[in-house]
Amino acid sequence: MRVVIAEDSTLLREGLTLLLAEASFEVVAAVEDAVALVESVDRHRPDVAIVDIRMPPTHTDEGLRAAVALRRKYPSTGVLVLSQYVRVSYAAELLDAGADGVGYLLKDRVSDLAEFAAAIRRVGEGGSAFDPAVVSQLLGRRRGDSDDRLTDRERSVLALMAEGRTNQAIAQRLFIAERTVEKHCTGIFAKLDLSASPHDHRRVLAVLRYLNG
Amino acid sequence: MLLMSAIIAVSAVFVIAGVISRQAQPRNRIGVLMVLVGIGWLLKFLVDDESDFLVSVAAKAWPAVLGHLVVAFPTGRLKTVPRRLVVTAGYAEVVVLAVAGSASDQPWARAALSTETPATALIGLAMLCLQMHRWTCSSMAQRRTLTSMLGASMVAVIVFAAWEPVERAGLEPPVVALMLALVGIPFAYLAGLLRRRMDRGGVADLVVRLNGDSRHAGVQEALAATLHDPNLRVAYWMASQERYVDASGRPVEAAEGFVQTRVDRGDVPVALLLHDPVLDLELVDAACAAVALALENERLTAELRARVRQLDESRGKLLRAAEFERRRLERDLHDGVQQRLLSVAMTLGLAETLVSAGTGEGAERGRKLVGEAKAAVLATIDDVRAVCHGIHPPVLTERGLQGAVRELTALAEPRVELVMELPDPLPPQVETTAYYVVAEALANVTKHAEASRTRVGIRASGGSLAVRVDDDGRGGAQARDGSGLRGLTERVEANGGTMRVLSAAGRGTSVRVVLPCGS
């Protein structure tokens, strides 16, 4: 899988390059600002662009803006945004153009190579990967509702779904059978009034529908 | 006989006005000119054509002297080149006509004599134009002196210039009209002198007026009214800053077109009057002496205001510096410590993966140690993140107030109705304060209010930012010492703003903050 990295800290950029090579990714470019990122995506058309949010020249949100622009310009290129902090509003902006091939992770996740590599692969294959911290913030907001439609178990399945995980991965996490996960999914979709549509899409839609009440 | 006594009366009015003027203002030449006009006017009727050449010139010269008087009013000096030219032209006409008159059989003299009427009209018109121009360029105070005199002289010049053409047309204009027009000039002049006297009487009223009026800036208004100079300004001496400031404490610069009169008490400067140059300096001095005490009071008030302003400015500077430092610190931590820790975590993660491939007790212990080290680094990263948030909310750095407030309200419970009107970028310390207001108020709503609806409004207009957080919860919130609301109030006030908390029991809570955000 071909990857472009945009990260202004040299230490992290080189570290990521090494790490991804170790996990058998092909790093076709590693750049340090948003302009160079867009140029190298134009040139290399990678499967995934890994983007830091704060980059030169203003060190504010140029990475996020570049990520949103890339998703519009190259819908088939996955975009994985990395940040020191998780922001619900950033996730919402990234999901604005749909839930395919997009991810948003806390930078801490690079310390677990297997998980991190899996997240990049999911995004590269058109799936999604959202940080558990983002998901728990999102779902945490709804916890106060008394007339909640979902059961506790359904909510934990939904949380893992929101992170972008497959049924198989969810089953492993919750120590339940994959068939049971499927049953919960059907229950969630039904409760949230989601009819059949492309599978992955419906999973993230479920999360959004749930969050937006 | 009646006509002759009227002629003598006109002459007498000019001479008397001249003498009075001379006594009131010994250095002013207007009085001399006035006496000369009176004598010349009389000569005109006493002297006949066969008289001595010089005497006949003198008899014919009075209109030119009158023109001189009008143009030179009120100082008696001809200050500009056009004024000098037009007065010289008047005298030249008299001489040329007198010479031509004594040699009237010559053809050149006849030609010269035939130009008398147009030349007189032209010079008269030029004088009128000069005076009109002068009036339009004058300040309010100058106009007060000029208007009556200009009006009278305009009537006189028009009547005089029109005299001959009317005569030639066969009509017989009554000499009385000319005399009345002429006599208006000394009367207007005397009226001006009288008014000066009355203005001095006004100084006494000034003291009375100031005693009954304690409003600030009252001294400047009272002086402007008494001295009839609406543009008059008072500047107060600020010993600590060694400069003059206005009543609100702002520094005063010297301005063009103003004369400065200093007011002292003993050897100590009290104030500076910036006024129109045309004002009577004796009158200004009298007025200053009368209001010296009030000026000293006002000066003390102005000094206080200037100090407060200075304090405000230095507090603002400190706040901006602190804000800048906090932002810098947050960025340094983000770019330095956090990235380094992340790279350590990443390396440990990689090591963990590699060690996991091995077998045996050593590999197992190695994997465990690496895992512990990684967990410790990740915990440290979390700590640094929390510290950064306390120093300066990173979301504010990344998205500004709009994005930061959206993030706050996106997660708030109950749901928030958000209205933001922020057309222009705000100063950083205002953004930060507004952010903390919204964050603290929303946290209180979630913790205590049991509300079903929350509304956040942020509006910038007219140099201030209004932040408002309302809920429909149980109310009863109080800003006690040590509470979040108390700390918030201090933060807002340190930024020169105001905060009100309306929270009647059972009727919801409304936190209203106004922050100045002018540059």
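From first to last, the protein sequence lines stand for chains B and V.
For the first sequence, our numbering begins at 1 and goes up steadily by one.
For the second sequence, our numbering begins at 214 and goes up steadily by one.
No residue lacks a Cβ here, since even glycine has one placed at the ideal position from N, Cα and C.
None of these values were measured; they are calculated from a predicted model.
(message) Determine, for Thr593/V, whether the minimum Cβ-Cβ distance to residues of chain B falls below 8 Å.
(response) no
(request) Measure from the alpha carbon of Leu343/V to the alpha carbon of each residue in Ser366/V, Gly721/V, Thr439/V and Glu329/V, then state which is nearest. (result) Ser366/V
(message) Closest to Ala404/V by C-alpha separation, out of Pro606/V, Val650/V and Pro287/V, would be which residue?
(response) Pro287/V
(message) Please state whether the Cβ-Cβ distance between Gly314/V and Ala277/V is less than 8 Å.
(response) no
(message) In the DSSP output, which residue or residues are listed as bridge partners for Glu634/V?
(response) Arg672/V
(message) I'd like to know whether the C-beta atoms of Ala652/V and Val658/V end up nearer to each other than 8 Å.
(response) no
(request) List the endpoints of the continuous beta strand (DSSP E) containing Arg43/B. (result) No beta strand (DSSP E) holds Arg43/B; the alpha helix (DSSP H) holding it covers Ala34 to His44.
(request) Determine which residues share a DSSP beta bridge with Met451/V and list them. (result) Arg456/V
(request) Measuring alpha carbon to alpha carbon, tell me which of Ala647/V, Asp685/V and Lys660/V ends up nearest Ile671/V. (result) Ala647/V
(request) Pull up the distance between the alpha-carbon of Gly213/B and that of Ala534/V, whole angstroms please. (result) In this predicted model, Gly213/B has a pLDDT of only 48, less than 50, meaning its place in the structure is not dependable; the value taken from the coordinates is given anyway. Taking the straight line joining both Cα atoms gives about 44 Å.
(request) From the DSSP output, read off the bridge partner residues of Tyr402/V. (result) According to DSSP, Tyr402/V bridges with nothing at all.
(request) Go ahead and pull the three-state DSSP assignment for Phe227/V. (result) helix
(message) Going by DSSP in three states, Ile50/B sits in which element: helix, strand or coil?
(response) strand
(message) In this structure, how does DSSP classify Ile5/B when only helix, strand and coil are distinguished?
(response) strand
(request) Establish whether the CB of Asp545/V and some CB of chain B are separated by less than 8 Å. (result) no
(request) State the Cα-Cα distance for the pair Pro132/B and Leu160/B, rounded to the nearest angstrom. (result) 8 Å
(message) Quick check: what's the CA-CA separation for Trp321/V versus Ser327/V?
(response) 10 Å
(request) Tell me where the beta strand (DSSP E) around Pro482/V begins and ends. (result) Val481 to His488
(message) Please report whether the beta-carbon of Glu163/B lies at a distance below 8 Å from any beta-carbon of chain V.
(response) no
(request) Please compile the residues from chain B whose C-beta is within a distance smaller than 9 Å of the C-beta of Gly479/V. (result) By Cβ distance, chain B contributes nothing, its closest Cβ being about 60 Å from Gly479/V, past 9 Å.
(message) For a quick check, are the C-beta atoms of Gly78/B and Val48/B less than 8 Å apart?
(response) yes
(request) Compare the C-beta of Met712/V against all C-beta atoms of chain B and say whether one is closer than 8 Å. (result) no
(message) Would Thr667/V and Leu655/V qualify as a contact pair, given that the criterion is a beta-carbon distance under 8 Å?
(response) yes
(message) Contact between the stretch 443 to 458 of chain V and the stretch 487 to 499 of chain V is defined here as three or more beta-carbon pairs at a separation below 8 Å; is this criterion met?
(response) yes
(request) Return the CA-CA distance between Met247/V and Ala230/V, expressed in angstroms with no decimal places. (result) 7 Å
(request) Determine which residues of the stretch 21 to 34 of chain B have a Cβ less than 7 Å from any Cβ of chain V, and write them out in chain order. (result) Glu22
(request) Determine, using beta carbons only, whether Val651/V comes closer than 8 Å to chain B. (result) no
(message) Just checking: is the beta-carbon of Glu620/V within a distance shorter than 8 Å of some beta-carbon in chain B?
(response) yes
(request) Would you decide whether Thr702/V is buried or exposed? Buried here means 16 or more other CB atoms lie within 10 Å of its CB. (result) buried
(request) Taking a Cβ distance cut-off of 7 Å, strictly less, list which residues of the stretch 574 to 600 of chain V are near chain B, in chain order. (result) Lys587, Leu591, Ile594 and Arg598
(message) Relative to the C-alpha of Val270/V, which candidate in Val309/V, Thr301/V and His346/V has its C-alpha closest?
(response) Val309/V
(message) So Ile53/B contacts chain V; which residues on that side make the cut at Cβ distance below 8 Å?
(response) Glu611
(request) Starting from Leu113/B, find everything on chain V with Cβ-Cβ shorter than 9 Å and list it in chain order. (result) Met559, Gly562, Leu563, Glu565 and Thr566
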